[in-house]
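Here's the structure we're looking at; comments come further down.
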């Protein structure tokens, strides 16, 4: 039999049909692989949107916590101001804080309703806040006319530690929310990597060129995602820093404003009693009042600039002024630890976003202070010097130094030398410095401790 002759039967048409079926099968497999790749990409985009939603949710929760802390500060300031002066403006401030604190906590409860543990923490915190404002109300009701009784209530309040308990509760909510964000981002990154690998494998199996194009597109999207998340995480870190400095802000604001009020009242009494030219004592009181008001205004202006959210703005900035402002925002909280400033002269201006670079400095200085808390009193040395077309800034401490097991991974996310640390501060610092075209590294301090150095480009 001659199988390739048409007159002998059907072998040739059968092979043709098999070829057609094979081509159709290959095409079907290719289409299936392309569809699988598209599905993986769509799944990754969904993960990306979900990740941004988590960052926004954490942002909203932290902002709401900051509002509650500000309302508590307003309530306490209004109560103390009214008790000391009897001024109706302080009473209005207190009443506004009392009327709004419940709504602020309700909004926070709505934000964290999907997390039973956070909701339980807030439920335990709410009675403390209500009790604290009830205590404020009793003091306000007594007023300056019954100052002794009001002060007795305040003494009892200090012994019961209401305010520290509330602050600890808010801080716990903040820490838990940030930890939850870290867990979600880690899970999202892992799922995104899996989806990317699936998309790449399917694309290459279907068509090499198409797979390569999808790979490039996916890499571009991945870089965009990383940039977006870094900006959002930097902002979340700023809000967290704002929460950590809320106690300092309350202390710094309350003292000068109360002092200013007392001085102004004193001036009025002296002017009313003198009946002639103001004596020298009045001029002295007015000078002190001006100094206190100016100090309070500077604190508010710097903190507002520090937590403001916006696009990166790089401009030529003076290195010494940038470092000085960062130092003024740091509350070391450890007796015996001092900040020493040593800058080379002259220093060129640098092209930076001042707020972001100050965030790096504040993080490094706080880490240095916490390290030195373990070794005792000493100085933290902040220095700067020009190096080629860059400026190198260093923060040196006399702490115990870095453990060898974390030296190589020090700037990786979620790596920390602190028992309660989240391990995101230094990774964010690295992202900020590298986005400015510089680099950051750590090395042993010859006198003991650690030196963190980073570079930024000089302004052209």
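In our numbering, the protein residues as written are 24 to 483.
Ideal Cβ positions, reconstructed from N, Cα and C, are used throughout, including at glycine.
Could you check where the beta strand (DSSP E) with residue 493 kicks off and where it finishes?
Because the chain in this structure spans residues 24 to 483, residue 493 falls outside the shown range and cannot be described.
Along the chain, where does the alpha helix (DSSP H) that runs through residue 172 open and close?
170-183
Nearest CA to the CA of residue 143: which residue from 169, 193, 97 and 107?
193
Closest to residue 362 by CA distance: which of 401, 370 and 368 is it?
Comparing Cα-Cα distances from residue 362 to each of 401, 370 and 368, the minimum goes to 401.
Contact check, residue 375 vs residue 398, beta carbons under 9 Å:
With a cutoff of 9 Å on beta-carbon distance, residue 375 and residue 398 are scored as not near each other.
Is residue 153 buried or exposed, if buried means 16 or more other CB atoms sit within 10 Å of its CB?
That one is exposed.
By a C-beta neighbour count over all protein chains shown, 10 Å radius and 16 as the cutoff for buried, is residue 307 buried or exposed?
exposed
Tell whether a beta-carbon distance below 9 Å holds between residue 147 and residue 162.
no
Element boundaries [alpha helix (DSSP H), containing residue 418]
Where residue 418 is concerned, there is no enclosing alpha helix (DSSP H), although the beta strand (DSSP E) it sits in stretches over 413-419.
C-beta contact flag for residue 477 and residue 391 at 9 Å:
no
Between the CA atoms of residue 283 and residue 312 - distance to the nearest angstrom:
5 Å
Quick test of your reading: residue 455 and residue 381, contact by CB under 8 Å. State the CB separation rounded to the nearest angstrom.
For a cut-off of 8 Å, the C-beta gap from residue 455 to residue 381 is around 10 Å, too long to register as a contact.
Quick one: measure Cβ to Cβ for residue 433 and residue 449, integer angstroms, because I've assumed they're closer than 8 Å.
6 Å
Excluding sequence positions up to five away, which residues of its chain have a Cβ less than 8 Å from the Cβ of residue 185?
151, 154, 155 and 158
Is the beta carbon of residue 350 closer than 9 Å to that of residue 388?
yes
Between which two residues does the beta strand (DSSP E) containing residue 127 stretch?
Residue 127 -> not in any beta strand (DSSP E); alpha helix (DSSP H) instead, spanning 111-134.
For residue 407 and residue 365, the rounded distance between their alpha carbons
7 Å
Kindly identify the DSSP beta-bridge partner or partners of residue 464.
476
Would you kindly work out how many angstroms separate the C-alpha atoms of residue 52 and residue 224, rounded to a whole number?
13 Å
Is DSSP giving residue 402 helix, strand or coil here?
strand
The stretch 132-141 contacting the stretch 111-119, beta-carbon criterion three pairs below 8 Å:
Not touching, per the Cβ criterion.
In this structure, does DSSP put residue 354 in helix, strand or coil?
coil
Just to confirm before moving on: does the CB-CB distance between residue 124 and residue 94 stay below 9 Å?
Cβ atoms of residue 124 and residue 94: closer than 9 Å.
Would DSSP call residue 362 helix, strand or coil?
strand
For residue 338, three-class secondary structure by DSSP
strand
When the Cα atoms are used, what is the spatial distance from residue 122 to residue 137?
26 Å
So, does the stretch 98-113 touch the stretch 163-172, judging by three or more C-beta pairs under 8 Å?
yes
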